Structure formats: C-alpha cells, structure tokens
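A short write-up of the structure that comes next.
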Amino acid sequence: MPIELTLNGESIALDIDPRTPLLDVLRDRHGLTGAKAVCREGFCGACTVHIDGQAVPSCLRPIGLLQGCNVVTVEGLTAPGTLNRVQQAFIDHDVVQCGMCFPGMVMTLTTFLDGTPNPNRDEVKSALVGNICRCTGYERIIDAVLSIRSEGVA
Amino acid sequence: MTAQTGYGLITTPQTVAEAVAAMAGGAVPIAGATWLLRAPLRHEPMPDRLMSLRCLTEVQALDIGPERAVIGAMVTHDALAGALAGQPDLAGLATAAGASANPGIRRIATLGGNLGAAGFAASDLVPALLAADVTAVLATGSGLQSLPMAAFLAGRGGGGLILRVEIARSARRAAHARLPMRKAGDYPCAIVSVSADVSGGTIRDIRIAVGAVESTARRWSSLEDRLTGTALDPARAEAAAREMSDDFTARDAVDAPGWYRLSVLPVLLRRAFTQIKV
Ligand SMILES: Cc1cc2nc3c(=O)[nH]c(=O)nc-3n(C[C@H](O)[C@H](O)[C@H](O)COP(=O)(O)OP(=O)(O)OC[C@H]3O[C@@H](n4cnc5c(N)ncnc54)[C@H](O)[C@@H]3O)c2cc1C
Ligand code: FES
Ligand code: FES
Chain A
2 MPIELTLNGE SIALDIDPRT PLLDVLRDRH GLTGAKAVCR EGFCGACTVH IDGQAVPSCL
62 RPIGLLQGCN VVTVEGLTAP GTLNRVQQAF IDHDVVQCGM CFPGMVMTLT TFLDGTPNPN
122 RDEVKSALVG NICRCTGYER IIDAVLSIRS EGVA
Chain B
286 MTAQTGYGLI TTPQTVAEAV AAMAGGAVPI AGATWLLRAP LRHEPMPDRL MSLRCLTEVQ
346 ALDIGPERAV IGAMVTHDAL AGALAGQPDL AGLATAAGAS ANPGIRRIAT LGGNLGAAGF
406 AASDLVPALL AADVTAVLAT GSGLQSLPMA AFLAGRGGGG LILRVEIARS ARRAAHARLP
466 MRKAGDYPCA IVSVSADVSG GTIRDIRIAV GAVESTARRW SSLEDRLTGT ALDPARAEAA
526 AREMSDDFTA RDAVDAPGWY RLSVLPVLLR RAFTQIKV
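Just so you know, the protein sequences line up as chains A and B, in that order. Remember, the numbering used here sits 1 above the position in the first sequence when you count from 1. Remember, the numbering used here sits 285 above the position in the second sequence when you count from 1.
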C-alpha cells in the first residue's frame, strides 16, 4: 500500500521502501534540492523541513512514518518568486556565504519566530543549536533575526 | 494498517496486544526513528520489519499530577521538557529532556526510544530517570511488567514494549548536569543526575546517577551513602566525588577518553548540587 502525504501543497503517493529517509525522496524523486544532505545523522540541520508545522531533520524521517503528514520544504515555504521575512532579512544583512546551511536555517528560524516572536540573543542561539554553519560565525545571522523581531530592531 | 512495499514493511498495530504479537513475530518498534535510521552509520543492519506506535493510546500519556507523573513512551523530549517546567522534584528530568541533542531532534526523539536504544551510552533521560526512581511499565507476552529503572536496564534487550514510566511525586529537589564537548548540540561525555531530600540544609536521602561514563548509566551508591546525613555543600560533594571517582570504569570513545570523563564527574556533581541549593 503506498504511503500518502502532502508535499508543498500537493498530494503524493510513494510505493518505496518505507525506511527511505524523506531527504532522499525530496532530492532524488522530486528534485527538491533545497534540503541538503550533509551529515545524515541529525547533527547539522542542513536538511531541515517542516513536518506538520515543526522544523525537523528530514534525514532522520523514514517515509513510512509520514502517512498523512504535511511536508513543506524551503521551495514550498512561500509563493514562487517571493521571500518570507527570514529570507529577506538574510539578504538585507548580507548574511549568506556558501549557502549550504541556509535552507535549513530558514526553516528552523521561520517556525521559531512563529512561536517566539520577540526572542533575545540567547534564545536565537539556542534555537540554532542544531543548525551548523561552517562559514559565517553566526553573529550576523543572529543580528538578522533580531532585526525582524515583532518588537523591532535589537 | 500495514505499509508494505517490495522492500520492507512498517506495521501499525491498533492495540497493545497486536503490538506484542507483532514483536513476537520479529517486528521492531520504531518511535522517533532517530536511533534506528542511523543504524547504517553504526555499521548495524536496519531492521526490515518495523512497527509504528503512533496508533497506540497507551504510549501517548503525559500526565504530571500532584501524586504521580505518568509519561508515555511516545512522548518526545520537547513535550516532556515543556510539561515538567517548574516542578522541583522533576527538574533533573526536565533539564535532561530540554538540553539533550538539539531542538529538531528533541521534537521527534521519544522517551521510549531513548530507553530502548541499548547501545546509546550518552542518554540524558536514563540517568535522570534513575535519579527520579521511576518505574518502567512494559507490555510483554506474559502480561504487564512493572520494573524499577535499574532492573529495566539490566534486562534491556530482552524484548517487551515500553508503555510508560511512572514517578511518585515528592518534596525532593532534583538537578541534571551534563558536559557536551561543544556548549550544546553534542552528546554529553559525562552526566550527573541528582534527586535529594533535604531538610534544614542536611541531606536526608539522595540518589545520584551517572551517565555517559560507562556503557550504561547507573547509580553511584557509595557516594550516596557518603553524602547522606551531611550538609548540602557543593564543594564538599565535589571533593568526595573526586576521592571516589575510581568507582567507575570509564569508557574510551571517539568523543572523549575515559580518564577525561572521570576527571569532569566531580565538577558536574558540584554543578548539580549548586542547582539544588538555589
Ligand atoms: C544528533 C543527535 C544528537 C543526540 N543527542 C542526544 C543527547 O545529547 N542526549 C540524549 O539523551 N539523546 C540524544 N539523541 C537521541 C538518541 O541518540 C536517540 O537517537 C534517541 O533517544 C532515540 O529515540 P527515538 O524515539 O528516535 O527512537 P527510535 O530510533 O525509534 O528507537 C530506538 C530504539 O528503541 C526501541 N524502541 C523505541 N520505542 C520503543 C518502545 N516503546 N518499546 C520498546 N522499544 C522501543 C527501538 O526498537 C530501537 O531499538 C541524539 C540524537 C541525535 C540524532
Ligand atoms: S543532513 Fe540531516 S541533520 Fe545533517
Ligand atoms: S554559509 Fe556556508 S555553511 Fe553556512
């Protein structure tokens, strides 16, 4: 029996090994390469997607556990050609270097800000514990996030 | 329901009896999947017959009552940390659940999976549950089994579906101190979890559990005996722990050598005591 779920607003059915990580389904079957395969063991966060509204690593989500779930990747986060406020802040603050970690960062920070609209610096750092960036040193990322707090600029 | 393909299958039993029967037939429970999906990285085979627990109401409980706390096997670290906030006797377990791993993992990894991952030495929940003196409730082929944590850990691998843990509430104070190699996000290389009954500044009774140092967490009974009846004094506790740390045969692993784990244990004990004292 195929596994049925919603991917970026479209219903899909998969008749594959249920142990297949969602990450591989996204990248290999659907051409959604925003989620990156880096560590494949839950440490780096580069593969983060939203499943039923929660930011989680897609490398550790077997497709067989996702029956009926709603999966959103960075490609489906906003309408084509538009950016959400986290993406826009990253551009405005010239945050991105190689970009490998950024889809995961965007996915993590988008849900984080939904639940914590006025974070302080430490809260942003704690939210990013599972998103590793090899290039930037993080501080500008945090500045960018603080700039879009609902109470305004840090 | 069964998600069956040409490659492997995940069954989804609707009752505990069905789950126990499926396990007897060789199905392996899969909860958050954060341990099981990494089997290839550990050079272990990935089971090809898995059993999802998502339809079993018996493993979803999360009830923190005044007399008793009941925590189902499918409760995630994240949900557990949220539910235990502000409860002094369960503060160690709250910290264990809220500081383990990273936020994305905490949203999916479960209590049952943390207890069921027998090869995982650095579990945060196991020492916290030992210190909290919980009872693990399992469903087996011969009925329900209630086991103290130490007995559960000794028999781990013998099968049985973990349904929940139960904790008697008390006026004790608890704390959990862990040392990852980075500030956060790594496995801890040593853990100390403490639950103490303190009155008038004196320790009337204490449980100290140590994790990540040996391959399985355990109570530090000799130190508990030494500190019972003494003042709640972080510096004295650290000194006593330093004298007695050769009670452990620490494991060497890629994150830290054994001697390092032992050398930080007394400091972690002091930190846990300092938290309890506040
Ligand atoms: C990057 C990373 C960092 C981590 N850091 C930490 C940390 O610092 N501290 C910490 O405590 N944990 C940490 N973890 C989590 C830990 O390593 C395990 O992956 C996790 O506890 C397993 O839980 P799960 O629900 O995903 O279990 P699963 O992977 O689904 O299962 C694990 C084992 O438990 C068995 N099992 C599951 N549920 C039951 C049940 N109800 N009855 C019987 N058996 C069952 C399974 O069959 C399997 O053998 C980390 C994980 C990752 C990926
Ligand atoms: S690739 Fe998934 S967390 Fe690193
Ligand atoms: S910008 Fe290169 S890894 Fe983050």
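Ideal Cβ positions, reconstructed from N, Cα and C, are used throughout, including at glycine. None of the values given here were measured: they were computed from a predicted structure.
- Taking 3 residues as the shortest admissible run, the region 300-338 of chain B contains the following complete beta strand (DSSP E) segments, listed from N- to C-terminal end: 313-315 and 334-337.
- Around the beta-carbon of Glu523 (chain B), 16 or more other beta-carbon atoms lie within 10 Å, marking it buried.
- Within chain B, the residues Asn387, Pro388, Ala469 and Gly470 have their CB atoms less than 7 Å from the CB of Val130 (chain A), given in chain order.
- For Gly428 (chain B), the enclosing beta strand (DSSP E) begins and ends at Gly428 to Pro433.
- A Cβ of chain B is located within less than 9 Å of the beta carbon of Ala56 (chain A).
- Between ligand 3 and the CB of Arg527 (chain B), the shortest heavy atom gap is not smaller than 8 Å.
- Taking 8 Å as the upper bound on Cβ-Cβ separation, chain B lies near residues Pro58, Cys60, Leu61, Arg62, Pro63, Gly65, Leu66 and Gln68 of the region 58-69 of chain A.
- If you look at Ile17 (chain A), you'll find it isn't in any alpha helix (DSSP H); DSSP assigns it neither H nor E.
- In this structure Thr361 (chain B) touches Ile393 (chain B) by the C-beta definition: roughly 6 Å separates them, less than 8 Å.
- Per DSSP, the unbroken beta strand (DSSP E) holding Ile493 (chain B) starts and ends at Thr487 to Gly496.
- For Thr319 (chain B), the distance from the CB to the nearest heavy atom of ligand 2 is not below 8 Å.
- The DSSP-derived three-state label of Gln372 (chain B) is coil.
- Not flagged as an interface residue toward chain B: Glu124 (chain A), since no C-beta distance is shorter than 9 Å.
- Excluding the 5 residues flanking it on each side, Asp409 (chain B) has same chain C-beta neighbours closer than 6 Å at Ala381 and Ser385, in chain order.
- The residue among B:Leu550, B:Ala403, B:Ala346 and B:Ser484 with its C-alpha nearest the C-alpha of Ala456 (chain B) is B:Ser484.
- Interface criterion met: the Cβ of Arg20 (chain A) is under 9 Å from a Cβ in chain B.
- If one requires a minimum length of 4 residues, the alpha helix (DSSP H) runs lying completely within the region 430-459 of chain B are 434-439, in chain order.
- Comparing alpha carbon positions, the residue from B:Arg353, B:Arg327, B:Val313 and B:Leu429 closest to Met336 (chain B) is B:Val313.
- Proximity of chain A to Leu322 (chain B) at the Cβ level (cut-off 7 Å) is accounted for by Pro22, Leu61 and Pro63, in chain order.
- DSSP lists B:Asp348 and B:Glu451 as the bridge partner or partners of Val355 (chain B).
- At a beta-carbon threshold of 9 Å, the residues of chain B lying near Thr49 (chain A) are Gly389, ordered along the chain.
- Judged by their CB atoms, Arg86 (chain A) and Leu23 (chain A) are not nearer to each other than the 9 Å cut-off.
- A distance of 9 Å or more separates the beta carbons of Trp320 (chain B) and Ala413 (chain B).
- Only residues of its own chain outside the window of five on either side were considered, and among them Ile447 have a CB closer than 6 Å to the CB of Leu400 (chain B), listed in chain order.
- A:Gly100 is the residue among A:Cys70, A:Gly100 and A:Ile52 whose C-alpha sits nearest the C-alpha of Thr34 (chain A).
- Arg135 (chain A) and Leu429 (chain B) have their C-alpha atoms spaced approximately 49 Å apart.
- Shown here, Asp25 (chain A) sits in a helix according to DSSP, grouped into three states.
- Ile493 (chain B) and Arg504 (chain B) do touch by the CB rule: their CB atoms are close to 7 Å apart, below 8 Å.
- Listed by position along the chain, the residues with Cβ atoms less than 6 Å from a non-hydrogen atom of ligand 3 are A:Val97, A:Gln98, A:Cys99, A:Gly100, A:Met101, A:Cys102, A:Cys134, A:Arg135, A:Cys136 and A:Thr137.
- Any heavy atom of ligand 2 counts here; residues with a Cβ closer than 6 Å to one of them, in chain order, are A:Ala38, A:Val39, A:Cys40, A:Arg41, A:Gly43, A:Phe44, A:Cys45, A:Gly46, A:Ala47, A:Cys48, A:Pro58 and A:Cys60.
- Look at Met331 (chain B): its C-beta is under 9 Å from a C-beta on chain A.
- In this structure, the alpha-carbon of Ile561 (chain B) lies about 6 Å from that of Ala460 (chain B).
- Within the region 426-439 of chain B, contact with chain A at the beta-carbon level (separation under 7 Å) is assigned to no residue.
- For ligand 1, a non-hydrogen atom lies closer than 8 Å to the CB of Leu322 (chain B).
- Counting only the Cα atoms, Ala38 (chain A) lies some 14 Å from Gly131 (chain A).
- In the structure shown, Gln98 (chain A) falls within a coil segment according to DSSP collapsed to helix, strand and coil.
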